[in-house]
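Colleague: To start, I am sharing the structure in question, which I have written as structure tokens.
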Amino acid sequence: MIKPWEGDATGNTVYTYANLKVYKSVNYAGSWTALPVTGLPTTGNIRGVGIAKSNGSVIGTVWNGGKVYVSTNGGTSWTLAGTPPNNGLSMSYVSFDPVDAQIVYVASVAPDATKNHLWKSTDGGATFAAIDGTAAASNGFPFGVPVNSIVPTRTRPRPSTRVRISACTGPSTEEPPGRGSATHCRS
1116 MIKPWEGDAT
1126 GNTVYTYANL
1136 KVYKSVNYAG
1146 SWTALPVTGL
1156 PTTGNIRGVG
1166 IAKSNGSVIG
1176 TVWNGGKVYV
1186 STNGGTSWTL
1196 AGTPPNNGLS
1206 MSYVSFDPVD
1216 AQIVYVASVA
1226 PDATKNHLWK
1236 STDGGATFAA
1246 IDGTAAASNG
1256 FPFGVPVNSI
1266 VPTRTRPRPS
1276 TRVRISACTG
1286 PSTEEPPGRG
1296 SATHCRS
């Protein structure tokens, strides 16, 4: 997957990943440079990469094994973030609030209905809190549903953050249509 950095006015800066490395291109995939791996594990696999729109030096990766790593220096070095609680080890996506790079969202596709699948950090990944409720206390999002992606957006005129969630293994519908809320599976 090629992930554009939305903070680049030219649109030419993109990222991707393979196995244990993140790669960056500043000429829209014309050539690639591997980012350093200082602080990253030597085994496992990256499952997703995200770049803070408001600060291109802040990059996050999610890994198998339920791990999240964050770089605050453009990928020169990485730090193991806090562990999202009650995760099923299959992280799928990492994204940042478009205005505040300290707000990190993480999703999981773990095939386990007893686990959380969405988390939010307000401290740059040091700690995470589940945002998809619990089996006993729903918050409106169905608990235990694997989530492919989570994309925060800022709405206008209110400066609040909404998130777009893709949680499907089959055909999907957007609820409500065109409003940027959850995408639900249809069977």
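Position one of the sequence shown corresponds to residue 1116 (our numbering), numbered consecutively onward.
Where is the CB? At the ideal position from N, CA and C, for every residue including glycine.
Since the structure is predicted, the reported quantities are computational estimates derived from the model, not experimental observations.
Quick check on DSSP: helix, strand or coil for residue 1140?
Modeller: strand
Colleague: Considering only their Cβ atoms, is the gap separating residue 1188 from residue 1312 smaller than 8 Å?
Modeller: The chain is shown only over 1116 to 1302; residue 1312 falls outside these bounds and no answer can be derived.
Colleague: What are the boundary residues of the beta strand (DSSP E) that includes residue 1211?
Modeller: 1206-1211
Colleague: Taking the Cβ atom as the reference point for each residue, do residue 1150 and residue 1136 lie within a distance shorter than 8 Å?
Modeller: yes
Colleague: Is the Cβ-Cβ distance between residue 1234 and residue 1221 less than 8 Å?
Modeller: yes
Colleague: Using the Cβ count rule (16 or more neighbours within 10 Å means buried), how would you classify residue 1117?
Modeller: exposed
Colleague: Along the chain, where does the beta strand (DSSP E) that runs through residue 1176 open and close?
Modeller: From DSSP, the beta strand (DSSP E) with residue 1176 extends over 1174-1178.
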